[in-house]
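Each remark here refers to the structure printed beneath this line.
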Amino acid sequence: MDMKIFTKRGLVAAAMIALPSLAMAQDAAAPGFDEIGPYIMTTLLFCMAGFLVFFMACGFAMLEGGLVRSKNVTMQMTKNIALYSIAAIMYWFMGFNLMYPGDFNGYVGSFFVPTVLDPVGIAAADAALDYASIGSDFFFQLVFVAATASIVSGALAERIKLWPFLAFVVLLTGVMYPISGSWQWGGGWLSEAGFSDFAGSTVVHSVGGWAALAGAIVLGPRIGKYSKDGKVIPIPGSNLALATLGTFILWLGWFGFNGGSQLAMGTVGDVSDVSRIFANTNMAAAAGAVTALILTQVMYKKPDLTMVLNGALAGLVSITAEPLAPTLFGALWIGAVGGVIVVLAVPMLDKLKIDDVVGAIPVHLFAGIWGTIAVIFYNGDASLGTQLVGIAAYGVFTFVASLVVWSILKAVIGIRVGEEEEINGLDMSEMGMEAYPEFSKS
Amino acid sequence: MDMKIFTKRGLVAAAMIALPSLAMAQDAAAPGFDEIGPYIMTTLLFCMAGFLVFFMACGFAMLEGGLVRSKNVTMQMTKNIALYSIAAIMYWFMGFNLMYPGDFNGYVGSFFVPTVLDPVGIAAADAALDYASIGSDFFFQLVFVAATASIVSGALAERIKLWPFLAFVVLLTGVMYPISGSWQWGGGWLSEAGFSDFAGSTVVHSVGGWAALAGAIVLGPRIGKYSKDGKVIPIPGSNLALATLGTFILWLGWFGFNGGSQLAMGTVGDVSDVSRIFANTNMAAAAGAVTALILTQVMYKKPDLTMVLNGALAGLVSITAEPLAPTLFGALWIGAVGGVIVVLAVPMLDKLKIDDVVGAIPVHLFAGIWGTIAVIFYNGDASLGTQLVGIAAYGVFTFVASLVVWSILKAVIGIRVGEEEEINGLDMSEMGMEAYPEFSKS
Amino acid sequence: MDMKIFTKRGLVAAAMIALPSLAMAQDAAAPGFDEIGPYIMTTLLFCMAGFLVFFMACGFAMLEGGLVRSKNVTMQMTKNIALYSIAAIMYWFMGFNLMYPGDFNGYVGSFFVPTVLDPVGIAAADAALDYASIGSDFFFQLVFVAATASIVSGALAERIKLWPFLAFVVLLTGVMYPISGSWQWGGGWLSEAGFSDFAGSTVVHSVGGWAALAGAIVLGPRIGKYSKDGKVIPIPGSNLALATLGTFILWLGWFGFNGGSQLAMGTVGDVSDVSRIFANTNMAAAAGAVTALILTQVMYKKPDLTMVLNGALAGLVSITAEPLAPTLFGALWIGAVGGVIVVLAVPMLDKLKIDDVVGAIPVHLFAGIWGTIAVIFYNGDASLGTQLVGIAAYGVFTFVASLVVWSILKAVIGIRVGEEEEINGLDMSEMGMEAYPEFSKS
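Residue numbers (the working numbering), protein chains in the order written: chain A, 10 to 451; chain B, 10 to 451; chain C, 10 to 451.
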């Protein structure tokens with residue numbers, strides 16, 4: 010090779026690992042863009058949507074870190090980065106192949122089949138030209154399961170022990186989510202029955218919500234949340250700027266969450282649909298936020314920022330089951346109902362003395378159910394009956410399985426920190442490290 | 010369908026909603042990438058640039074949240090997420106079709122024509138193959154109008170009431186910005202006259218700046234900002250880490266703001282131009298930051314971080330009217346002048362007792378004017394006269410209209426919180442919720 | 010032109026600057042997507058990966074701002090936005106052409122040859138169709154050099170003066186990094202010798218680490234870090250939520266850092282490889298985080314969040330030299346070893362009384378060396394001997410050159426603030442501006 014070919018990093022790297030691409034580009038017989046274009050575009054969609062959804066892990070961490078008290082922020086950060094990391098490992102180790110059996114393995118007996126990527130520099134003839142690379146598909150699906158676990162993290166904050174929580178995450182991301190996910194996205198019985206959940210109002214968000222609900226019941230409320238005479242004591246979050254940052258990051262990530270779920274970008278119809286989904290997703294979030302703003306003003310005479318943030322998120326969850334078919338007006342009212350749900354459901358949960366620190370259950374479970382039902386208004390192929398069957402199936406399975414797992418964890422190793430540890434904060438008692446050590450507390 | 014086709018989420022979803030894409034991919038008569046490639050790439054550009062510009066809403070919120078006092082942070086967060094949401098709804102409800110009349114409706118009488126997206130799975134034959142999908146175009150334009158509103162939010166912080174501010178946002182994003190925007194980007198009289206504003210130094214940033222200036226005049230300065238003997242009392246921001254975060258996010262978003270304004274990515278020339286814009290945009294921001302750093306060191310013997318942040322932003326605003334044509338050296342000096350402007354203009358505004366909390370008027374209005382003039386140095390089609398006419402037209406229209414709206418709002422419902430509320434902070438008095446409730450204040 | 014053509018901003022803008030794209034799209038003789046598709050996709054890859062890596066500058070700022078004490082946060086923010094800006098200018102002014110000589114200039118005598126972008130609207134016939142636009146390549150390489158400088162910033166925090174630090178950045182980004190970078194990525198002797206460093210474990214990260222190590226030695230430790238009887242006094246970071254945010258942003262940016270280093274996206278093999286790299290990069294980070302979590306639990310009985318964050322980063326640095334060839338299991342164990350390294354190396358550095366405020370040297374230097382060695386396990390073209398030669402070459406050159414520069418700066422203008430200034434904090438003494446002025450310090 011002459012010198013010139015070594016002057017760009019690309020060519021150097023390419024030469025190093027003997028990529029076929031240079032040869033291919035000059036090979037007249039190589040397939041043209043009409044054949045490979047869709048594969049390239051869809052693989053790119055998964056990579057791009059994947060990094061956006063990855064960033065939702067950060068959004069959840071910031072949202073939850075802002076809504077807990079400062080004495081528990083180090084713990085919340087630790088849980089969130091750890092749960093994402095565990096999800097990444099478990100989904101590789103068993104989740105992905107358990108969830109998507111058809112192309113890889115039989116369903117039963119496929120519990121421990123780690124993901125294998127396409128070979129380096131795969132030839133067009135060997136690639137799934139009607140879809141995308143395994144690496145991109147795996148990465149995109151993996152960030153979804155992490156979102157489910159992040160939902161649980163928020164609801165159970167400020168009193169759960171680190172390691173039992175992470176043990177639950179291992180089971181949720183390696184076993185529970187993949188099994189129930191396969192019912193729909195793995196081509197299982199619900200998908201055959203006609204259940205419709207485009208990007209996961211039920212498959213991802215409700216599942217996270219059910220797991221959180223089971224956990225919150227087994228765990229019990231934080232000390233001081235409910236007084237002996239039944240009153241609810243508000244426990245404000247320590248950093249609303251951080252919570253707002255987290256919400257914006259989640260909103261950003263949701264473009265990948267819903268847009269990527271089109272699962273194709275290589276035709277006019279597909280890329281146009283991705284953009285439809287972007288517009289609808291944005292509209293639903295906006296509608297949820299504005300609705301919560303107005304409703305809290307009307308109900309409490311003061312707008313409530315945490316409700317506005319959760320309203321936006323509820324709008325996003327609501328549109329997630331069907332972000333494509335609705336008109337923009339459809340996205341608006343579906344998202345707005347999500348905003349109403351969250352404003353009404355937060356005090357309702359408190360009446361039941363279910364202590365959900367960040368409002369994850371209203372946002373992800375209740376709005377997730379709503380969004381799954383709302384599919385029927387704009388998607389002619391969906392029926393209310395089947396949607397309800399799907400909602401119930403995911404609910405029963407996840408709630409019962411979670412209840413069992415949480416109860417076993419509680420019985421065997423304990424899931425809740427001691428009273429003194431909880432009052433002093435998990436950061437000092439469990440981590441020995443404060444998040445804001447220099448700032449005086451009121 | 011055989012089992013295998015149900016094993017990937019993509020195919021499941023595709024089957025659910027009867028997308029034409031699978032059929033098309035196997036249809037030999039379907040148009041090839043030479044025909045559909047540009048549409049796909051440009052639609053993708055709008056989606057990608059759109060989510061970057063969306064994230065600027067977060068950047069503005071963090072910048073402004075870091076530059077206000079801690080007692081007003083909850084309010085600032087609420088305003089910023091609410092204004093984005095309102096912009097999204099208003100721009101759908103009337104703004105987009107008001108601004109871009111030609112393809113959709115006549116100009117007059119098109120005030121309440123909500124946006125209609127392309128149908129689901131649009132066929133290539135029905136799509137605007139020489140441009141992009143409506144959804145992507147709508148989303149991309151929508152995030153621009155939100156940026157305009159965010160600019161106003163910063164300047165008027167710490168004393169304006171929530172609801173009158175949001176009422177102004179309704180009019181700004183639904184009526185004022187679309188009308189003046191249509192003069193240039195809707196193919197109106199300024200565009201026909203040869204006015205040149207690539208990505209909106211004037212159309213977006215100056216407009217936000219003029220609206221903020223009118224508001225700051227009607228609203229008056231914060232209590233304690235100017236002493237009775239004419240001295241300026243510095244009111245430092247409460248969280249410079251947050252302000253820096255916001256600046257970096259805005260810088261990131263600006264790659265979408267300017268790069269997406271190429272409005273095409275499907276040819277060699279277009280994608281190369283997008284990358285030229287990336288490089289120039291980055292250079293102008295860097296030059297603005299370094300200039301402000303050096304200038305504050307020279308002038309005040311100490312570098313000033315808030316000036317450096319605003320210097321970077323002023324560099325970005327300065328290059329926005331013409332990020333394509335300049336050389337990298339051109340981008341450097343255009344951005345550097347922006348940095349000078351902001352360092353000199355902040356104290357100048359204070360002499361006029363115009364209280365702009367975050368420096369939005371120097372950054373977006375003054376640097377916006379500069380950037381619009383600077384177009385003539387590298388774009389041979391632009392003339393100083395026409396640029397000045399454009400600057401003046403946007404200035405007169407937006408400033409006068411804003412002055413009228415602010416004055417009416419002031420007279421009818423009042424726009425400023427009471428003296429006691431302002432001193433105690435808007436968070437407790439208006440929202441009943443502190444942003445950092447646990448941290449002792451000095 | 011008829012009215013309709015003026016109704017979209019795209020067409021307006023296109024008309025303004027006489028782009029060839031419209032004509033081309035209708036020109037039957039124009040090259041089709043089989044010819045231009047790879048150029049478009051690779052240019053897009055560089056733009057997209059470029060903005061992700063740009064955002065790493067924000068990630069470094071947040072990570073470092075969270076790990077320093079609150080009295081030094083304004084200074085840390087200033088340094089980080091300034092170093093990025095200086096890198097952008099210096100890399101344009103000389104770095105890029107110094108580093109990539111072949112296509113642009115001869116190596117010797119090319120010290121002051123600023124980058125020149127492709128002309129506006131470059132025709133396909135004039136473009137590097139087998140690669141990408143200069144603008145995209147320049148932007149992508151530029152954000153890499155900024156990462157190197159950010160590494161130095163963290164290690165030397167809390168006691169170095171602003172201007173000497175920035176003077177070092179000028180030399181690092183304009184001269185040192187480009188010279189050593191050209192050995193490998195410019196097609197120099199190391200690349201010819203068969204050294205392999207896909208995305209820069211050595212070329213970027215170790216170089217930053219060596220420069221930081223030299224600086225830390227010349228500068229000396231912070232006052233109070235090591236007691237007179239040899240004990241290490243922990244100095245906790247002031248804001249662990251911010252540090253976590255920074256880590257997540259860096260993780261996000263790393264998809265661009267490693268994925269973009271594929272340097273091509275226009276074939277099935279290339280885009281599939283990009284997705285492989287995404288999956289492997291993510292896995293290595295997750296493994297590093299989990300390993301650090303478990304190891305600190307075992308060693309210290311309490312998990313350590315800052316170690317988990319640095320573990321994730323060490324995993325990322327470890328996979329950076331070869332993110333493509335390993336299997337997912339390979340990425341897991343390579344990243345896990347990175348996590349072990351960081352947990353063991355932090356106390357080791359403290360024994361040597363080398364005060365590295367954020368752990369940059371273990372993360373970027375030690376894990377960078379490890380990652381460069383680990384290439385041999387999955388890339389058959391790499392040999393241990395050559396890898397060690399490369400590691401040593403970069404180490405000797407960068408460490409010696411940095412030592413000389415730091416020593417000269419120390420002798421001539423002084424690099425360390427006075428004792429009183431350091432104790433009072435750099436923010437008040439050097440900047441006159443606190444980052445969190447309203448919050449009481451404990």
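Built from N, CA and C at the ideal position, the CB exists for glycine as well.
Residue environment, residue i, which counts as buried when at least 16 other CB atoms sit within 10 Å
i, result
"G233(C)", "exposed"
"S236(B)", "exposed"
"M308(C)", "exposed"
"L361(A)", "exposed"
"G389(B)", "exposed"
"F64(C)", "buried"
"M57(B)", "buried"
"L353(B)", "exposed"
"E428(C)", "exposed"
"A252(C)", "buried"
CB of residue i within 8 Å of CB of residue j, strictly
i, j, result
"G269(A)", "V125(A)", "no"
"L249(C)", "M86(A)", "yes"
"L435(B)", "E167(B)", "yes"
"T51(A)", "A273(A)", "yes"
"L76(A)", "G246(A)", "yes"
Residue i, enclosing alpha helix (DSSP H) - first and last residue
i, result
"M292(A)", "V277 to Y309"
"K362(A)", "Segment: none, K362(A) is in no alpha helix (DSSP H) and carries neither H nor E."
"K419(B)", "L393 to V421"
"Y140(C)", "Y140(C) -> no alpha helix (DSSP H), and no H or E assigned at all."
"N89(B)", "V82 to M99"
"D43(B)", "F42 to L76"
Within-8 Å CB hit, residue i to chain C
i, result
"R285(B)", "yes"
"F148(A)", "yes"
"M108(A)", "no"
"D127(B)", "no"
"M65(A)", "no"
"M50(B)", "yes"
C-alpha distance - residue i paired with residue j, whole-angstrom precision
i, j, result
"T395(A)", "M185(A)", "22 Å"
"A70(B)", "G255(A)", "12 Å"
"V277(A)", "K310(B)", "58 Å"
"G68(B)", "P335(B)", "26 Å"
"G404(C)", "V213(C)", "12 Å"
"F60(C)", "A420(B)", "46 Å"
"M437(A)", "P312(C)", "12 Å"
CB contact below 8 Å: residue i versus chain B
i, result
"I432(C)", "no"
"W194(C)", "no"
"F60(C)", "yes"
"S411(A)", "no"
Neighbour flag for residue i against chain A, beta carbons, 8 Å
i, result
"G144(B)", "yes"
"K450(C)", "yes"
"N248(B)", "yes"
"L251(B)", "yes"
Near-chain F residues of the region 266-290 of chain B (beta-carbon distance less than 9 Å), N- to C-terminal order: In the displayed structure, chain F is absent; the protein chains listed are A, B and C.
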